[in-house]
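Read the structure below first, then the notes.
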Amino acid sequence: MYRYKCLNPIAAAGLNQLSGQYVQVDDLNEADAVLVRSANMHEMELPDTLQAIARAGAGVNNIPLDLCAEKGIVVFNTPGANANGVKELVIAGMLIAARDIVGGVNWVESQSGNPDVQKQAEKEKKRFAGSELRGKKLGIIGLGAIGVQVANAATHLCMEVYGYDPFISVDAAWNLSRTIHHTTDVEQIYAQCDYITIHVPLTDDTRGMIDQAAIAKMKENAVILNFARDLLVDEKAVVAALEEGHIHRYVSDFPNPVTAGKKGVIITPHLGASTSEAEENCALMAATELRNFLENGNIRNSVNYPNCDMGVCTHAARIAIYHKNIPKMISRFTDVLGDMNIQNMSNTSRGEYAYTLVDLDTAVTEEVVAGLKAVDGVIRVRVVKPA
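The sequence shown begins at 8 in our numbering and counts up one residue at a time.
Here it is in C-alpha cells:
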C-alpha cells in the first residue's frame, strides 16, 4: 500500500490514477509521496519515510530541491502539461498590449445607462486605437515547451519570430517551426524585437536578467511579457522605463506592489496555467510519474535526480540505489551483491547525484540492503516489489 498527501487541491483526473493500492492521508509523516502545486515546502519538516514529491506544474521554487536530494527524495515536475494554457495567455497579452482592449472595455462599462453610448463610442474609440501584430518582431528568450509553442503560434499571426536558447533540447528543436530565427545572442533580441517574452526557469543565473542594462538596449516602445517568474525581471527598472517612455508596455502574470496599477503595466492574477485542461494535464502527469516511480523505481521528469527507466520489473526483485556521483560505486555495489545474478542494470547521474537500478533473479535479503546502505556515498536503498 502506498500513501500520498495532497498539499493543494489536485484535479480528479490525477487522483483517479491513484486507486487500488494507493490511499490518501492527512498527515505528512505518514506519506510515501506528496502531490503539490503552490504550497511552500521550504519550512516543512520532511519525514525520512517520504520518497517522492510531484509538482503538478513546471516551476519548483516552492520545493527545497537540495534538501530533498540529500534525503533521497525524488522531486518531479510536469513540463509541457500546462504549456498550451500559458501560450494562449501570452498571445492574449500581446494582443491587449498592442491594442488598448482593456481600456476600451472599461470605458464602455463606465457608460452604463448612457443612451448615447453608441454615438459617443465613435468619438472615443480613437483613444484606444493600437497596432497589429502582423509584421512585428517577437523575441522569445527560452525555447522550452512553452517558448516553442509561443514561437509557432506567433508565426501564424505573421510575426517575425526570433528565438534565443543556448541550451535548446533536441525535442524542442524538432518541434520548432523552420521560419523561426534562432539567435545565439540575446542582445539581438533586445535591439531588434518589438515584443520580448521570457520563458526560462528561475535560477541564480537568470534572476533579474531583464534589468536596466537589458532594457536600455531595447527598441523604443518595445513590449516586455513575463509569464514565467516575476523575479526574472527587475520590475523597478521596468516601471522607470515605462515612466520615461522608453518602453510601451509591461505585461505580467504576477501581481505585486511594485507593478500593480502602474502606468503602462498590464497584470493578470497568475492565470497562466489556470485552465481546467492545464490542471487536469498536470495532475495526470504528476500521478503517472509517481506511480511509475513507486511501483517500478523509474524516474522521469525529475528536477533533482537523473532520469532512469528500465520499464516494468519482470524479475524476482529490483533495487533502487540513490547515491553520490563518485567513482567506483558500481563495483562496490556488485561486491555487496556477490554471487547474485544481475539480470539488468542502469546507472545515470545528474550533477553530484546518481541513481542505479538493478534487477535480480533472486529475492533481496535484509543483509544485502544493509550492505548497500553501508557503502560510502549511498543515500538511500529501496527494494521495488515486482508487479
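Beta carbons: idealized from backbone N, C-alpha and C, even for Gly.
Residue i - containing alpha helix (DSSP H), residue span
i      : result
Val397 : Because residue 397 is not part of the residues shown, which for the chain are 8 to 394, the question remains open.
Val391 : Segment 385-391 is the beta strand (DSSP E) holding Val391; no alpha helix (DSSP H) there.
Met292 : 283-303
Asn199 : Reading off the sequence, residue 199 comes out as Gln, not Asn. Looking at the DSSP string, the run of the alpha helix (DSSP H) that includes Gln199 is 193-199.
Ile108 : 108-117
Ala221 : 219-223
Nearest-angstrom Cα separation, counted from residue j out to residue i
i      : j      : result
Lys380 : Ile386 : 7 Å
Ala294 : Ala61  : 8 Å
Thr266 : Glu242 : 7 Å
Leu23  : Arg298 : A small fix is needed here, since residue 23 is Asn in this sequence, not Leu. Answer to the nearest angstrom: the Cα atoms are 12 Å apart.
Tyr246 : Ile326 : Checking the displayed sequence, the identity of residue 246 turns out to be Val instead of Tyr. Cα-Cα distance, rounded: 55 Å.
Gly215 : Met8   : 45 Å
His188 : Ala179 : 14 Å
Val376 : Ile328 : 10 Å
Phe135 : Glu359 : 55 Å
Glu52  : Val272 : 39 Å
Ala38  : Asn351 : 30 Å
Cys13  : Leu35  : 9 Å
Tyr257 : Ala76  : 37 Å
Ala99  : Val365 : 49 Å
Gln199 : Ile217 : 15 Å
Glu167 : Ile148 : 14 Å
Leu238 : Arg339 : 44 Å
Gln67  : Val30  : Note on identity: in this sequence residue 67 is Val, with Gln being the wrong assignment. In a straight line, the C-alpha of Val67 is about 25 Å away from that of Val30.
Asn89  : Gln156 : 11 Å
Ala105 : Val41  : 42 Å
Val240 : Ala323 : 53 Å
Thr321 : Val390 : 14 Å
Val112 : Glu131 : 12 Å
Beta-carbon proximity of residue i to residue j, cut-off 9 Å
i      : j      : result
Ala63  : Gly21  : yes
Ala152 : Met101 : no
Ile17  : Ala290 : yes
Asn288 : Ile254 : no
Ala59  : Phe83  : yes
Ser184 : Ala158 : yes
Ile205 : Tyr169 : no
Lys224 : Glu251 : no
Asn311 : Pro86  : no
Val32  : Arg10  : yes
Tyr171 : Thr186 : no
Leu367 : Asn348 : yes
Phe300 : Asp260 : no
Pro276 : Pro264 : no
Lys78  : Asp107 : no
Thr363 : Cys315 : yes
Asn332 : Gly318 : no
Pro313 : Ala248 : no
Ile306 : Val81  : yes
Val97  : Leu232 : yes
Three-state secondary structure (DSSP) of residue i
i      : result
Val168 : strand
Ala370 : coil
Val124 : helix
His163 : helix
Arg256 : strand
Ile337 : helix
Ala18  : coil
Leu379 : helix
Val246 : helix
Ala182 : Checking the displayed sequence, the identity of residue 182 turns out to be Asn instead of Ala. Asn182: helix per DSSP, three-state reduction.
Val265 : coil
Ile175 : coil
Residue range of the unbroken beta strand (DSSP E) whose run includes residue i
i      : result
Tyr11  : 9-13
Tyr202 : 202-205
Lys144 : 144-148
Thr190 : 188-190
Leu232 : 229-233
Val272 : 272-274
Runs of alpha helix (DSSP H) wholly within the region 35-106 (minimum 4 residues, chain order) = 72-78, 90-105
message = At 4 residues or longer, what runs of the alpha helix (DSSP H) sit wholly inside the region 307-367?
response = 336-344
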